[in-house]
Every structure is written in structure tokens, then in C-alpha cells.
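Protein chains in written order, with UniProt numbering: chain A, 1 to 355; chain B, 1 to 355.
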């Protein structure tokens, strides 16, 4: 909890999106707490506090500030589930150091999500995930559900990759870290739920187009890097460092943590700026459901930051040991360059992609 | 190469689908051999013989017996690539016993497939896969390409799971083995290429419907179990046993290998029968592209068997040590029961699924 390492301040970030939250957030949270208790997403009071302290209902009410209350509710349930799973099976717990056991658990878990067969496992986390899958099949169409389950598999695959790096003590280079982070952050399933939550179904030819794929990935990466920036403070205070954009940049380019954070924000702001420009271009010819989806990608980026400022997960003295400094906003990217980032695997986001 | 273990004969199987092969198969094979040489899918003459001995062009010309010649060609390239990858990185080679190293390799490989950025790696297998991805983006639409890349990830995820079981010496139960085999067999990417090869694009609401998902999975499982039956002979002769339906059934239910093979064919025939019945129902209201896709699922099951009879991969004395017995066909399933198989995770295939 105590450390002599400096805890650098979060530099200001570029995010010209207004905050928004679903008007039913309080009712959604109340019912979600009852669901968490009913399916048993914890083993003791401490775990219960930790799961509920994720404020997952508020989190998703910010991602989907409009949409049928019931659908947003069901999506919020998955977020609680995802954080509980993360704590129990990914970031901590006995499997966090055993990629083999993680895979042997994650394979059947993913299958249980995909199929309507009941009672695939005695594991309460599997049963709870099946409950989420069932609720999605009830309130959403097969296209939306398939997009979610595929994104869920992509996430688990990348989490296994992340665990492997951790066990090997391997800090990846920027390109590999970025490819991994695009999926291991939980962003893919979280954003795939936007359609379910808002009762929108983006036509396949739009959703799978390079432009919309790029926009989805950019939103995921900005949010994931923002999480890296937020958790870096917590990690340094707690005296441990894991794979994190700041560490990756320090290893690649040297310098202090503060310098690496500034570089990180520079990269992040350039992706944010490209996201906003491309989104404007795509919007012009977009279907109504795609416009709704693109709006929510922006809400997701902003909502992720607003949520991080308040959640005990990052801010509770018991958990993090340091109060979170409010981020400062700027109305221009800290790095104004509009060239592609020199990161193989995402440089194509700067190609001419608009339809 | 020699063993005193008995090598049971393959029992007759139920497959009322006529054989078919693309008329341009020879030209496709000739050009594919040139491609294999150009991208360097081997390190020496022995590996070259082994890769070309997969007869991948014939394999895919049976799966897609119609379709633009160029598109079938590009799909055949991936099949050669898949077998080379399988031999070098999955079933054999140093990574076959190291799930951690496999994941650290497979993560960036999958990313390289998905993105148009050039030169993601110095690894010739990655460069060859990027070549395939580029050719698909040129001859197919974004929806078809996305379906392929997602299926590709699902395959890699399940291969990692399979490697974990192998390393732990764990023979899974029938339910877990079935869930794993549905994806680790290479079936998902192979069948996802049917649309690319035949220039068909099944509407998302059809493709993602429970009925068509079930039909796709059934075709994958029948073909994968057929491969298990074919390779079981080879494995017993070579004196090693890996995860295989016959071994899973022997462990679960005891008895001799011959009895387990009969039970395996019974399960396989019941899935085949359900596939044919459900396909007839779905066909009635299917779009033209879906009908074409459903036809190819049948060609895939039949073609996989016809291919296995001829490929040196299973039949070459140098490779397998035993000549392959021609399968005998029967016009009724060996097990006539029409109830759902008691295997959690696939029992839902017997639900009322037709639109």
C-alpha cells in the first residue's frame, strides 16, 4: 500500500463528447444488485462489496444512455459478471498464473454461453453467464446475440494471451501489446452489447465494413488505454506493474513514468481524433441503427472515464490507496499529427475507409 | 510403425450425399502447388511432400464443387496453409506441447490475418496467411471475410484448449470433447470459406439463426468425428493415442476399440440424420444463397470422406503404415433413434429450430 514510487498525475485528455447517463440508472442498479445476489457472483461479503463496487449498472447506463430499460438492465448484468470473472479467474485467483487451467475452464464456459442447453456446469459463474445468454436470446435477435458471443470468445482468447505474457514475465512490444489490448480489455463484448441494449441492429454490410470495424476498434483501444492510464497510478502505489501502456512505452522508449504517460496520452489523443473524423464521414450515409451505434461508441469512451472517476474499484482507499485525481479535459489533441500511428495492425485505421 | 494392437476396420457410415468435385480441380491444384512453392509453406523436401500430399486442392474442390474458379483457388490456398500450420505449430513441432508459446504465436497471427497492414511479421507462415487474407478481401465482401476471420479465431482458441489437454494428459469427457472438437478440427474456417468459394452471401438473419448455426455445427462435427474414425487406425498403428472420439468413448464406456468405433458411428449417424431432416425443413423457406450454402455443407461431409480415402496424409505407407480400407456406405443410420443425443451443448440441435 505504501511505496516511494512517484504517482504521476493523469495528463489532460481529449474527449469532446458530452457526458450522458440512462435516466433509469438507479432502478437498473437496484435490480442488478438483486440479480448479483440471486446468482451468487461472490463467495463472501468482501467479494460482494468488490463486485457491487464496480458500479457496473452506472457504467453501462453511461455506455447506453438510451434504449429499453430492460435491455440495458440485461447488459449491466453481464458487466457485473465480467468484473467478477475478471477478479476470480483472470487478473487474480489461481488461474491468473495458469494459462493451461484458464483455457480448460474458458473453453466450456464459452460453449455454455452460446447454447440454450441448461445446466452445462455446476460452476456458479457458468450458470450466471448462461442466465445472461438466455436473457439476451429473449430480448435481442440472433444477429445481435451472435455478435456478442463472437466478441466474448475474442476476449477470452486475448485474456489467455495476456496471462501467458504475465506468467513468462514478458512485456510485449507496442504492436503486440496493442493487438492484445484490443481484445483482452473486455471491450469487444462490452461494445457488442450496445446493439442489444439500444435495440438497434446494424446491417451486416455496415457493421462488417472496414470503416465501422475500425471505429469499433478505435473506441475499444481508447477506452482500454484510458483504463491503463487510470490503473497505472493504482499499480504504482501498490508496487506492482503488469502489462500496461505506460510500462510498454517506458520499456520501448525509456524515460520517466511521467514522460511515458505524456507519450501515452499523445497516442491516445491521435486515435481519438481519427475516431471523430472518420465517424463524421461514416455518419453521412449511415442507417439509423448505425448512427445510434456510432453515438454509443462516443458515449462509451466518455462514459468509461466518467465511471472510472467514481467507481470504488479504482478509487476506494481500501482498494487503491490513492484518491483519483479528476481528469482535466482539453479541447484539442495533445498531439495534433493526423498521420497514421506507426503501429502495425492499427495503421490501417488511417486508410481512406469511408464508404 | 509396427504394433501388435488390432487395427479395427472402419464400420459402414450413413452419408446419402452424392460425390461431387469442382470441374477445374486439376488447374486449381497446379496453381496451388505454385503458390505453396512461392510462399514457402515448408522448410525441406520432406515437408513439401507432406504439404502437397494433403491434396488440399482436391479437398476443397469437393467442398465447393461449384463457384468461381478463382475463389475456390483462394480457399484451397488456405487449406494448404492450414495443414502446414497444423503440422508445424499444433499437432507436432515444439509448440504442440507448449500452450503458452502457442498462444503467444497465435494471437499476433490472428491479428495479421484480420488487418490489411503489410509485413506484420518475419514469419513465413504469417506472411502466407496474410496473402490469403488479402486475396479474400479482394474476391469477397466484408461480411464473408468477417465470418471467416471470426471462425479462424474460434479454431485457434480451441486448438489451444486441445494442446492444454494433451500437455496435462487429460482425456476430456464426451461433452467437453464435443465442444472442443466443434472448433479445433479446422471445421469453422473451412466451412466459413464456402461462401467465399461459391460467391454466396447468406443474409445475416439466416446465417445467425439457431437452425443454420445448428446445421453448420452438425456438418463440422460429423466431418470431425469422421476424421477421428479415419485417424484412429493410423494412430493405433503408430502406437500413440491422442484425444479422439474412440478413446473418449472407451474411457467413458469401456469395451474394446471395435465396440467404441461402433458406438462412435452410432452417434455420428444420428447427427447425420438430424442434419438431413433439419436441412430439408430449412431449405423450404431459404434464400438462394442459403440453399447453395446448405448444399455445400452436404458436399463437405461427403467430400471429407472421399478425400480421406485418397490423401497420402492418411494413406501413404510412409506416413500411416496402413492402407486405408474403403468405407462401406449404408442407406440408413446405424442407430435409428431420433431423440436428442445426451450430450450437453449439442442436445439443442434437436429442438424445434426450423424457421
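Every residue gets a Cβ at the ideal spot worked out from N, C-alpha and C, and that includes glycine.
For residue i: DSSP bridge partner residues
i: residue 13 (chain A); result: A:329
Environment of residue i [buried if 16+ CB atoms lie within 10 Å]
i: residue 229 (chain A); result: buried
i: residue 329 (chain A); result: exposed
i: residue 358 (chain B); result: Since the first and last residues shown for chain B are 1 and 355, residue 358 (chain B) lies out of range.
i: residue 208 (chain B); result: buried
i: residue 341 (chain B); result: buried
i: residue 65 (chain A); result: buried
i: residue 288 (chain A); result: exposed
i: residue 34 (chain A); result: exposed
i: residue 352 (chain A); result: exposed
i: residue 210 (chain A); result: buried
i: residue 44 (chain A); result: exposed
i: residue 30 (chain B); result: exposed
i: residue 138 (chain A); result: exposed
i: residue 258 (chain A); result: exposed
Same chain only: Cβ atoms within 7 Å of residue i, ignoring 5 sequence neighbours per side
i: residue 85 (chain A); result: 125
i: residue 344 (chain B); result: 175
i: residue 306 (chain B); result: 19, 62
i: residue 99 (chain A); result: 160, 163, 164, 167
i: residue 80 (chain B); result: 32, 36, 41, 51, 54, 56
i: residue 281 (chain A); result: 354
i: residue 106 (chain B); result: 156, 160
DSSP state of residue i mapped onto helix, strand, coil
i: residue 367 (chain B); result: This structure does not reach residue 367 (chain B), given that chain B is present from 1 up to 355, and the question cannot be answered.
i: residue 203 (chain B); result: coil
i: residue 28 (chain B); result: helix
i: residue 216 (chain A); result: helix
i: residue 41 (chain A); result: coil
i: residue 102 (chain B); result: helix
i: residue 301 (chain A); result: helix
i: residue 136 (chain A); result: helix
i: residue 269 (chain B); result: helix
i: residue 339 (chain A); result: coil
i: residue 165 (chain B); result: helix
i: residue 243 (chain B); result: coil
i: residue 149 (chain B); result: helix
i: residue 123 (chain B); result: coil
i: residue 351 (chain A); result: coil
i: residue 115 (chain B); result: coil
i: residue 18 (chain B); result: coil
i: residue 231 (chain B); result: helix
Neighbourhood of residue i by C-beta, 6 Å cutoff - its chain only, sequence neighbours within 5 removed
i: residue 339 (chain A); result: none
i: residue 22 (chain A); result: 61, 65, 72
i: residue 292 (chain A); result: 198, 200
i: residue 273 (chain B); result: 333
i: residue 263 (chain B); result: 249
i: residue 181 (chain B); result: 224
i: residue 219 (chain B); result: 297, 300, 301
Other residues of its chain near residue i: CB distance less than 8 Å, five sequence neighbours each side excluded
i: residue 12 (chain A); result: 265, 327, 328, 329, 330, 334
i: residue 178 (chain A); result: 221, 343, 345, 346
i: residue 286 (chain B); result: 206, 294
i: residue 87 (chain B); result: 47, 50, 51, 93
i: residue 147 (chain B); result: 192, 195, 207
i: residue 202 (chain B); result: 195, 212, 287, 289, 290, 293
i: residue 141 (chain B); result: 201
i: residue 15 (chain B); result: 272, 301, 302, 305, 329
i: residue 151 (chain B); result: 188, 189, 191, 192
i: residue 134 (chain B); result: 116
i: residue 337 (chain B); result: 270
Residue i CB to nearest heavy atom of the ligand FMN below 7 Å
i: residue 11 (chain B); result: Only the bare structure without any ligand can be found here, which leaves the ligand FMN out of the picture.
(message) Between the region 67-77 of chain B and the region 100-120 of chain B, can you find at least three pairs of beta-carbon atoms closer than 8 Å?
(response) Contact between the region 100-120 of chain B and the region 67-77 of chain B is absent, with fewer than three C-beta pairs closer than 8 Å.
(request) Could you tell me whether the region 209-216 of chain A touches the region 170-186 of chain A, where touching means 3 or more Cβ pairs closer than 8 Å? (result) At 8 Å Cβ cutoff, the stretches do not touch.
(request) Pair every Cβ in the region 182-193 of chain B with every Cβ in the region 180-193 of chain A, then say whether three or more of these pairs are closer than 8 Å. (result) Contact between the region 182-193 of chain B and the region 180-193 of chain A is absent: fewer than 3 CB-CB pairs across the two stretches fall below 8 Å.
(message) So, does the region 156-164 of chain B touch the region 154-166 of chain A, judging by three or more C-beta pairs under 8 Å?
(response) Verdict: yes, contact present.
(request) Say whether the region 34-45 of chain A touches the region 121-139 of chain A, bearing in mind that this needs 3 or more beta-carbon pairs closer than 8 Å, one atom from each stretch. (result) In short, these stretches touch, since the Cβ pair count reaches three.
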